[in-house]
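One structure is given below, encoded as structure tokens.
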Amino acid sequence: ALSQAITRLSSGKRINSAADDAAGLAIATRMQTQINGLNQGVSNANDGVSMIQTASSGLSQITSSLQRIRQLAVQASSGSLSTSDQQALQQEVTQQIAEVNRIASQTNYNGKNVLDGSAGNITFQVGANVGQTISLNLSQSLSAASLGKGLVSAGSTLGTLNNLSLDANGNSVTSGAAITAINVLSDGNGGFTYTDQNNQALSAKAVKNLFGNSTGVGGALNITASGSGSALLSTSQLSTISQANATPPAGTNTVIGTITGLSIDASTGKDVAAGTQGAITSITVKTNGSGGFNFYDQTGAQLSTGLVGDNSGTNPGSLLTITKGTGGNGDSVSFTNSVSTQLANINAATFSSQVTSVNGAVTMALPSATTTLGKITGLNVDTSGKDVAAGTAGAITSLTVTEDTSGNIHFADQNGTDVTATMTAAGTGLFSVVQGNGTTTKASFAMQGKATAPTISGTITGLSLDASGNNVAPGTQGAITSITVKNTGGTLSYTDQNGADVSSLFTGSAGSVAFKSGVSPISYSAPQLAAFSSIDANNAPGTVSSIDISTTTGANQAMESIDNALATVNNIQASLGAAQNRFTAISTTQQAQSTNLSQAQSQIQDANFAQETANLSKAQVLQQAG
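Residue numbers for the sequence shown follow full-length UniProt numbering, beginning at 1 and rising by one.
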């Protein structure tokens with residue numbers, strides 16, 4: 001008893017070995033494990049608080065930079081600033097963007113970057129046992145290239161296309177228009193929906209006719225996504241195109257149809273500016289009495305120059321397509337006025353003597369021997385059918401067209417060399433030919449002029465745009481009211497009514513006016529373009545790294561990008577703040593748990609000094625008493 005009392009008093013423990021209290025020792029040891037775990041969890045939580053405070057400090061600085069960029073964007077969007085003023089503001093924006101990137105890449109806690117996304121999802125062990133953790137998501141990069149993206153909510157109006165005159169199906173009309181304006185709205189997923197001036201949804205047919213497929217290609221109105229992610233809309237309203245589809249009736253000089261709205265050179269078939277003296281402005285198609293056709297201009301003069309081509313939108317095409325089909329097809333002859341400018345300088349052969357009308361269809365009788373159908377002169381093309389300069393060595397200057405006894409068409413150049421293969425190669429040849437089947441010639445050929453350097457000039461009128469291409473009220477001082485388009489050698493140029501260059505408005509120069517309609521701009525007949533409207537439909541604002549406030553349009557887009565960036569930063573700060581509060585709560589809770597467990601453990605394991613002192617005194621007295 002004396003030895004036990006001395007041991008307990010000297011150690012302060014009631015249980016110094018399993019022999020003292022086996023069950024009590026096990027309980028006390030288990031409690032100590034919990035106490036140690038809780039204390040370490042509190043320490044880990046405090047580390048989490050420190051990491052969050054480090055990240056929050058960096059986020060606060062990023063917020064300051066973003067707020068400054070937005071302030072500069074608001075300033076730059078003011079019409080009172082000159083271009084040089086806006087460019088000066090952009091210089092500070094560039095530095096602020098660089099600072100955002102520096103903070104994102106260099107904010108570090110204990111060797112771990114916390115704002116560049118590399119930290120990922122961090123798990124903190126805050127409890128004494130497995131699974132008692134808190135996760136902190138630091139996978140969002142705060143670099144300028146990662147901030148600013150977003151989508152406009154569904155139903156938000158992105159802009160309005162005005163000055164339209166369309167029927168319910170989206171076709172151009174001159175009177176009784178059902179659609180005079182189109183509102184472009186966001187569908188909430190980066191796409192668009194459309195309503196008319198009465199806020200009624202456009203019919204599916206009208207949307208298809210006007211906007212083509214989902215990418216906006218193929219209709220009169222187009223949607224083009226720019227590099228920054230903004231979706232840009234514009235309309236290029238081509239004048240009405242007349243089309244006659246008919247089987248040549250019997251008789252001579254029966255009018256099949258008239259193609260209007262033209263302005264082409266009578267000798268070359270190429271587009272020329274409206275009002276050019278001697279230009280062909282319409283073509284009337286009449287029967288020739290032999291199952292074929294004759295063509296007359298607006299003065300009644302018969303045309304000898306063939307104007308034939310492909311208007312599929314794939315090949316360059318021309319102003320008139322003549323297709324002779326097989327028997328039994330009631331509409332095997334068609335005449336189509338297209339909007340192409342790329343006509344070759346040709347004189348097409350006349351095939352009326354070879355054509356007969358059978359049961360309302362056009363066929364070509366097979367010759368008993370190889371027959372010369374005609375000769376095409378005035379050419380200057382290479383072996384692939386592309387136009388070359390006059391006098392170019394090896395150029396083809398004429399083609400003799402023959403038909404063999406199987407109905408196949410052949411071409412020979414001025415030297416008698418057969419060039420059928422190269423002249424009719426798919427997608428590259430000068431001609432589109434459907435060969436015979438041994439019974440009849442299934443089709444005649446159509447010229448696909450491939451002039452490489454046509455020159456067109458025309459003026460788009462009825463505009464009222466500011467320097468950035470945005471619609472402004474008619475009569476606004478300094479507004480662009482017309483744009484002259486020139487195509488020289490395949491290069492388009494654009495000038496306003498004062499002769500000032502406005503090429504920055506057009507697609508290809510980061511502008512807001514998309515100048516296309518399912519085919520490349522070079523294929524447009526500029527004199528046939530009417531007034532168009534354009535709107536900036538910022539359906540998917542770009543990132544902070546792409547911000548450029550040196551233009552008014554760019555400044556407006558910058559505000560949207562910054563608002564999205566601030567929303568992202570605010571969400572992260574809120575998430576970090578909530579996590580910090582959790583860490584603080586955990587520290588307080590687990591410190592209390594540790595204290596209570598320590599008290600309970602003490603009651604089991606620690607010695608009772610008063611009792612042990614009494615036991616020691618008793619043992620000493622008994623020992624002395626012997």
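C-beta: ideal position from N, C-alpha, C; glycine also.
With a threshold of 16 other CB atoms inside 10 Å of the CB of Ser84, please say whether the residue is buried or exposed.
Result: exposed.
Going by the beta-carbon positions, is the gap between Val167 and Ala178 smaller than 7 Å?
The question names Val, yet the displayed sequence has Asp at residue 167. It is a contact, given that the beta carbons lie within the stated cut-off.
In this structure, what does DSSP give as the bridge partners for Thr252?
DSSP lists Asn288 as partners of Thr252.
Given a threshold of 16 other Cβ atoms within 10 Å of its Cβ, counted over all protein chains shown, does Gly478 qualify as buried or as exposed?
Looking at its Cβ environment, which holds fewer than 16 other Cβ atoms inside 10 Å, Gly478 is exposed.
Per DSSP, cross-strand counterpart(s) of Glu403:
Partner(s): Thr371 and Ile409.
Considering only residues of the same chain and omitting the five flanking positions on each side of Asn46, which have a CB-CB separation below 8 Å?
Here the set comprises Phe583 and Ser587.
Rounded to a whole number of angstroms, what is the C-alpha to C-alpha distance between Gln624 and Leu2?
Straight through space, the alpha carbons of Leu2 and Gln624 are spaced by roughly 12 Å.
Under three-state DSSP, which class holds Thr596?
First, the amino acid is wrong: residue 596 is Asn here, not Thr. Helix.
Asp47 (DSSP reduced to helix, strand or coil)
Reduced to three states, the DSSP call for Asp47 is helix.
If contact is defined by three or more beta carbon pairs under 8 Å, each pair taking one atom from either stretch, is the segment 74 to 83 in contact with the segment 135 to 149?
No, they do not touch.
So within the segment 21 to 79, which uninterrupted alpha helix (DSSP H) runs reach at least 4 residues, ignoring any that extend past its ends?
Counting only runs of 4 or more, we get 22 to 76.
Within-7 Å CB hit, Asp21 to chain D:
Reference to chain D is not applicable here, since this structure consists of a single protein chain.
Is Leu136 helix, strand or coil by DSSP?
Assignment of Leu136 by DSSP, reduced to helix, strand and coil, places it in the strand class.
Residues bridged to Asn121 (per DSSP):
Asn121 is bridged to Asn137.
What are the boundary residues of the alpha helix (DSSP H) that Val100 is part of?
Counting along the chain, the alpha helix (DSSP H) containing Val100 begins and ends at Thr83 to Gln106.
Report back the beta-carbon spacing between Ala128 and Gln32 to the nearest angstrom; my notes put them in contact at under 8 Å.
That pair is no contact at about 11 Å.
Let me check one thing: in DSSP terms, what residues is residue 627 bridge-paired to?
The first residue shown for the chain is 1 and the last is 626, placing residue 627 beyond what the model contains.
Are the segment 40 to 54 and the segment 106 to 121 in contact at 8 Å, needing three or more beta carbon pairs?
Verdict: yes, contact present.
Rounded C-alpha distance that separates Asn113 from Ser105:
Taking the straight line from one Cα to the other gives about 7 Å.
Skipping 5 residues on each side, what residues in its chain have a beta carbon closer than 7 Å to that of Ser549?
Correcting the residue identity first, residue 549 is Ile in this sequence and not Ser. Answer for Ile549: Leu72, Ala73, Ala76, Gln86, Leu89, Gln90, Val93, Ala555 and Ala558, listed in chain order.
Whole angstroms is fine: what's the gap from Lys149's alpha carbon to Glu560's?
Distance between the alpha carbons of Lys149 and Glu560: 9 Å.
Using a Cβ-Cβ cutoff of less than 6 Å, which residues in the same chain neighbour Thr63 once the five nearest sequence positions on both sides are dropped?
Once the five neighbours on either side are set aside, the close Cβ partners of Thr63 are Val569.
Endpoints, alpha helix (DSSP H) assigned at Asn183
Unbroken run through Asn183 is the beta strand (DSSP E), Ile182 to Ser186; no alpha helix (DSSP H).
On the three-state DSSP scale, how would you describe Lys149?
In this structure, Lys149 counts as coil in the three-state DSSP scheme.
Excluding the 5 residues preceding and the 5 following Gln590 in the sequence, name in chain order all residues of the same chain whose CB lies nearer than 7 Å to its CB.
These residues qualify, in order along the chain: Leu38, Gly41 and Val42.
Starting from Thr193, trace the beta strand (DSSP E) both ways and give me its first and last residue.
In the DSSP annotation of this structure, the continuous segment of the beta strand (DSSP E) that includes Thr193 starts and ends at Phe192 to Asp196.
I'd like to know whether the C-beta atoms of Glu403 and Ile409 end up nearer to each other than 7 Å.
Yes, they are a contact pair.
Backbone CA spacing between Phe445 and Lys208 [nearest angstrom]
Residue placement at Phe445 is poorly supported in this model, since its pLDDT is 37, which falls under 50; the coordinates still yield a value, given next. The C-alpha of Lys208 is placed about 32 Å away from the C-alpha of Phe445.
Sort out for me which residues DSSP pairs Ile496 with in a bridge.
Just to set this straight, residue 496 is Asp in the shown sequence, not Ile. According to DSSP, which records beta bridges pairwise, Asp496 is partnered with Ile483.
What do you reckon, are the CB atoms on Thr400 and Ala412 nearer than 7 Å?
Taking 7 Å as the cut-off, the beta carbon of Thr400 is found closer than this to the beta carbon of Ala412.
How long is the line joining the alpha carbons of Asn581 and Val126, rounded to whole angstroms?
Going from the Cα of Asn581 to the Cα of Val126 covers about 13 Å.
Taking a contact to mean a Cβ-Cβ separation below 7 Å, would you say Ile604 touches Ala22 in this structure?
Between Ile604 and Ala22, the C-beta gap is not smaller than 7 Å, which leaves the two residues out of contact.
Proximal residues to Asp187 (C-beta, below 7 Å), its chain only, five neighbours per side dropped:
Excluding residues within five positions, the ones whose Cβ falls inside 7 Å are Ala154 and Thr193.
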